[in-house]
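Going letter by letter, the sequence shown gives residues 150 to 496 in the numbering used here.
No residue lacks a Cβ here, since even glycine has one placed at the ideal position from N, Cα and C.
A short write-up of the structure that comes next.
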Amino acid sequence: MTTNIESRWIFALASKCKSLTSINFLCFLSLFVLFWFMINLFYWSHPGGPAWGKYKWTKTRRSITSMTKQNSKISIPGPKGLPIIGSMSLMSGLAHQKVSAMAETLRAKRVMAMSLGETRLIVTCNPDVAKEILNSAVFADRPVKESAYSLMFNKAIGFAPYGIYWRTLRKIASTHLFCPKQIKSSEPQRFDIARGMVAELSMKCNESVSGSIRVRDILKAASLNNIMCSVFGKKYILDQNKRGDSGSEELRKLVEEGYDLLGSMNWSDHLPVLGDLDLQRIRFRCFNLVPRVNKFVGEIIEEHRNQRNENSSPQDFVDVMLSLQGTSKLSDSDIIAVLWVTISLPL
């Protein structure tokens, strides 16, 4: 009874409030939209675009509130782009060439600030600055896109947050995957793949009427075949023009879908207001791809587990992952994630 009486006063107050008409509501809404637009224009007016403007204004406001003196620093040059979305238009097509041209236009010799929606970016073409960034603990964690997180990349060495788990993965990679013994043992397969690549180039040159061939596809197939042999210990036919078994066809589809999802510009990553809408259906595609990846890689792990001999040395990366013991031992889900990222990131 008490709850009902206490809650009804809101409806009684609303019925007595005659000033809340449709016209007043529209006026209030218009003022709110105008205020929101002016705030975004203010953010956009800063060098680097709206994300940097919002960051600097928030930092200034906090320093005023806490009565601390803010150090006056020179603003980093950068394009403003457009209000709200910033420089997201530069990310289409050959983004690296567009960003490089923009840096030359603004004479940003060392660093350049950019905004992708609400995401702040620092771009550099200077080797010394790049070295400093890559060796700085501030940049140790890599931002994880929604597609990368959905595809389990947050569990792999390239995207895992800096900490014990990341150091474990790094130790595994340096000790087992990139050690001299493993590289030496995989030398015959690399020679075989290189011979096949040269033969493919020769055949394409003879077949080409114009005398020009697309080398990129041949290099991509050779690189991917080398990764597959090193990781799974098996050669897969991943060329669309060649007929392979069902496993090769499924793996080719998985890898191509993964490449496409990771390379797509997802607006939800940079505009949180679009986070729940999934306008580009990237979340939906990731949701459908992950079970197929778990099934495919899980079957390979189980096959290697059944063929394993405790006295035999590891032949490929799957065997290495299964042979880990103690603190380095990983769960099957982590192994699947590491293997999937290993074959998905090289290209």
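May I have the straight-line CA-CA distance separating L175 from S241, to the nearest angstrom? The count along the sequence shown starts at 1 and reaches residue 175 at position 26. The count along the sequence shown starts at 1 and reaches residue 241 at position 92. Cα to Cα, the separation comes out at about 38 Å.
Spatial neighbours of S477 within its chain, please: C-beta separation below 8 Å, excluding the five flanking residues on both sides. Start at 1 with the first residue of the sequence shown, and residue 477 comes out as number 328. The residues are T317, K320, I321.
Bridge partners for T268 per DSSP, in chain order? Looking up residue 268 in the sequence shown gives position 119. L265, per the DSSP bridge assignment.
Please state whether the Cβ-Cβ distance between G307 and V490 is less than 8 Å. By 1-based counting over the sequence shown, the position of residue 307 is 158. By 1-based counting over the sequence shown, the position of residue 490 is 341. Against a cut-off of 8 Å, the Cβ pair of V490 and G307 comes out as a contact.
Considering only residues of the same chain and omitting the five flanking positions on each side of M301, which have a CB-CB separation below 6 Å? Counted from its first residue, the sequence shown places residue 301 at position 152. For M301, where only same-chain residues beyond five positions count, the Cβ hits under 6 Å are A486.
Is it the case that the Cβ atoms of I225 and P199 are separated by a distance below 8 Å? Start at 1 with the first residue of the sequence shown, and residue 225 comes out as number 76. Start at 1 with the first residue of the sequence shown, and residue 199 comes out as number 50. Going by C-beta atoms, I225 is not nearer than 8 Å to P199.
Going straight from the alpha carbon of M251 to that of R259, what length do you get? Here residue 251 corresponds to residue number 102 of the sequence shown, with the count starting at 1. Here residue 259 corresponds to residue number 110 of the sequence shown, with the count starting at 1. Each residue's Cα considered, the two are about 13 Å apart.
L231 by DSSP, collapsed to three states: which one? Along the sequence shown, read from residue 1 onward, the residue named residue 231 stands at position 82. Reduced to three states, the DSSP call for L231 is strand.
With three or more C-beta pairs closer than 8 Å as the rule, is the region 402–413 touching the region 284–304? yes
Between the beta-carbon of G230 and the beta-carbon of M261, is there less than 8 Å? On the sequence shown, residue 230 is found 81 positions in, with the first residue counted as 1. On the sequence shown, residue 261 is found 112 positions in, with the first residue counted as 1. Taking 8 Å as the Cβ cut-off, G230 and M261 do not qualify as a contacting pair.
Nearest neighbour of S372, chosen from I492, M414, L403 [CA to CA]: Taking the first residue of the sequence shown as position 1, residue 372 is located at position 223. That would be I492, whose Cα lies nearest to the Cα of S372.
Determine the DSSP secondary structure at R454, reduced to helix, strand or coil. For the purposes of this step, residue 454 is taken as residue 305 along the sequence shown, with counting starting at 1. If DSSP states are grouped into helix, strand and coil, R454 belongs with the helices.
Assign Q354 to one of two classes, buried (16 or more other C-beta atoms within 10 Å of its C-beta) or exposed (fewer than that). Along the sequence shown, read from residue 1 onward, the residue named residue 354 stands at position 205. Per the sequence presented here, residue 354 reads as Cys, with Gln not at that position. With fewer than 16 Cβ atoms within 10 Å of its Cβ, C354 is classed as exposed.
For L373, does the three-state DSSP call read helix, strand or coil? Looking up residue 373 in the sequence shown gives position 224. DSSP places L373 in helix when its eight states are reduced to three.
Can you have a look at G235 and say buried or exposed, based on whether 16 or more other CB atoms are within 10 angstroms of its CB? Counting from one through the sequence shown, the residue named residue 235 turns up at place 86. So G235 counts as buried.
Contact check, D481 vs I449, beta carbons under 8 Å: As a working note, residue 481 is residue 332 in the sequence shown. As a working note, residue 449 is residue 300 in the sequence shown. It is not a contact, given that the beta carbons lie outside the stated cut-off.
By the 10 Å Cβ neighbour count, where 16 or more other Cβ atoms means buried, how is I159 classified, buried or exposed? One-based indexing of the sequence shown puts residue 159 at position 10. Note on I159: pLDDT 48, under 50, position unreliable in the model; the coordinate value appears next. The residue is exposed, with fewer than 16 neighbouring Cβ atoms inside 10 Å.
L385: buried (16+ other C-beta within 10 angstroms of its C-beta) or exposed? Taking the sequence shown and counting its residues from 1, the one referred to as residue 385 is at position 236. For clarity, residue 385 is Tyr in the given sequence; the question names Leu instead. With 16 or more other Cβ atoms within 10 Å, it is buried.
Where do the ends of the alpha helix (DSSP H) carrying A244 lie? Your numbering for residue 244 matches position 95 in the sequence shown. Note, A244: alpha helix (DSSP H), 244–255.
To the nearest angstrom, how far is the alpha carbon of I484 from that of S323? Residue numbering aside, residue 484 sits at position 335 when the sequence shown is read from its first letter. Residue numbering aside, residue 323 sits at position 174 when the sequence shown is read from its first letter. Their Cα atoms are separated by approximately 16 Å.
Classification of R434 by the beta-carbon crowding that lies within 10 angstroms, buried from 16 upward: Reading the sequence shown from its first residue, position 285 is the one you call residue 434. Classification for R434: buried.
What is the rounded straight-line gap between the Cα of S379 and the Cα of R211? Position 230 of the sequence shown, counted from the first residue, corresponds to residue 379. Position 62 of the sequence shown, counted from the first residue, corresponds to residue 211. Cα to Cα, the separation comes out at about 52 Å.
Simplified DSSP state of Q338, which is helix, strand or coil: Within the sequence shown, residue 338 is the residue found at index 189, counting from 1. DSSP places Q338 in helix when its eight states are reduced to three.
Extent of the continuous alpha helix (DSSP H) to which A289 belongs: Residue numbering aside, residue 289 sits at position 140 when the sequence shown is read from its first letter. Looking at the DSSP string, A289 is not in any alpha helix (DSSP H), and its letter there is neither H nor E.
Which of helix, strand or coil DSSP assigns to N355: For this step, residue 355 is matched to residue 206 along the sequence shown. Reduced to three states, the DSSP call for N355 is helix.
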